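Report on one structure; see the data block that follows.
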Amino acid sequence: MAPPQFGTIEEIWRYPVSSLGGERLTSVELGTDGIEGDRSWCVADAQSGHPAAPEKESRWKPALFLHSRSGRDRPEIGFPDGEWLRVGERDTDAKLTLYFGFEVETRPYVATGDAQTAVNRYEVSPVHLVTTNSLRHLSTIVGTDDIDSRRFRPNVVLRTPAAEGFEEKSWLGSRMQMGEATIHICEEAKRCGMTLIAQPGLPENPDVLRSLLRQNKRNFGIYGDVEIPGKLTLGDPVEIVTG
4 MAPPQFGTIE
14 EIWRYPVSSL
24 GGERLTSVEL
34 GTDGIEGDRS
44 WCVADAQSGH
54 PAAPEKESRW
64 KPALFLHSRS
74 GRDRPEIGFP
84 DGEWLRVGER
94 DTDAKLTLYF
104 GFEVETRPYV
114 ATGDAQTAVN
124 RYEVSPVHLV
134 TTNSLRHLST
144 IVGTDDIDSR
154 RFRPNVVLRT
164 PAAEGFEEKS
174 WLGSRMQMGE
184 ATIHICEEAK
194 RCGMTLIAQP
204 GLPENPDVLR
214 SLLRQNKRNF
224 GIYGDVEIPG
234 KLTLGDPVEI
244 VTG
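In the working numbering, the protein residues as written are 4 to 246.
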């Protein structure tokens with residue numbers, strides 16, 4: 004179990020379009036459904052309607068070299084040539100189709116799908132956390148310095164002091180105060196092939212997932228349910244309030 008106050012908020016991330024690079028924030032409101040606008044849209048196969056799945060289909064791997072950010076009324080996608088285009092527009096879908104080499108559309112996520120929408124693949128829990136200590140520990144196991152938080156696509160990275168192993172598993176069932184919000188730590192995060200795929204500044208590295216499979220039952224990080232919404236800001240203290 005962690006001591007009552009044991010860390011601070013190091014990074015805050017939102018991924019407006021799933022499977023694409025996200026936007027790093029300095030502060031954000033955390034609601035009961037998570038960070039507003041997080042993974043609210045997807046890029047999808049225009050024929051099947053299935054959302055991009057880079058961890059399952061190699062044709063989707065270039066998605067990690069696209070970026071997404073919040074816009075005035077819809078997210079925007081950033082392309083390698085520096086252009087940003089709004090989701091849900093024909094020009095955007097046309098450029099994505101050219102980029103991937105097959106027909107692609109941008110679609111909003113909804114709870115139940117129909118011909119024009121896609122069911123969200125990321126409904127495990129509203130907020131996903133990793134720690135700097137576990138990133139360091141995994142880096143030692145893998146023997147590389149490219150264990151970047153972006154491989155795991157968390158909402159929040161917690162700066163924590165050095166400790167043995169993957170410390171998050173000891174927090175399961177606890178309540179954690181982060182900034183103004185309180186979350187209930189409900190389960191470990193099971194990792195997939197997304198962790199090994201190349202993205203800007205990070206090479207493809209299969210040893211990341213192999214090491215987690217051997218050392219931590221394929222888990223890395225934790226999921227939490229939001230019990231008390233509130234604002235998160237970089238540098239905010241993090242503490243366990245109940246066990």
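The beta-carbon is built from N, C-alpha and C at its ideal position, and this holds for glycine as well. On a predicted model such as this, the values are computed, not experimentally measured, just so you know.
Alpha carbon to alpha carbon, what distance is there between ARG213 and ASN219?
-> 10 Å
Does the beta-carbon distance from THR135 to VAL159 come in below 8 Å?
-> no
Between ASN222 and LEU215, is the Cβ-Cβ spacing less than 8 Å?
-> yes
Hey, is the segment 39–50 in contact with the segment 172–188, meaning 3+ C-beta pairs nearer than 8 Å?
-> no
Report the option in PHE169, THR163 and PRO206 whose CA atom is closest to the CA atom of ARG153.
-> PRO206
So who's on the other strand from SER30, going by DSSP bridges?
-> THR236
Please name the residue or residues paired with LYS172 in a DSSP beta bridge.
-> According to DSSP, LYS172 bridges with nothing at all.
Out of curiosity, what's the CA-to-CA distance linking ILE38 and VAL145?
-> 31 Å
Contact check, GLY233 vs LEU33, beta carbons under 8 Å = yes
How many angstroms separate the CA atom of GLU170 from the CA atom of LEU235?
-> 22 Å
Can you list, in chain order, the residues of its chain whose CB lies under 8 Å from that of PHE9, leaving out five sequence neighbours each side?
-> THR163, PRO164, VAL241, GLU242 and ILE243
Looking only at its own chain, which residues have a Cβ that is under 7 Å from the Cβ of ASP149, when we skip the five neighbours before and after it?
-> LEU205, PRO206 and ASN208
Look at the Cβ atom of ASP228, then the Cβ atom of PRO129, and state whether they are nearer than 8 Å.
-> yes
Cα-Cα separation between ARG262 and THR100, rounded to whole angstroms | What the structure shows of the chain is the stretch from 4 to 246, and residue 262 is not part of that stretch, so it cannot be assessed.
Cβ distance (whole Å) where GLY263 is taken to contact THR109 below 8 Å = As shown, the chain starts at 4 and ends at 246. That puts residue 263 outside it, with no answer to give.
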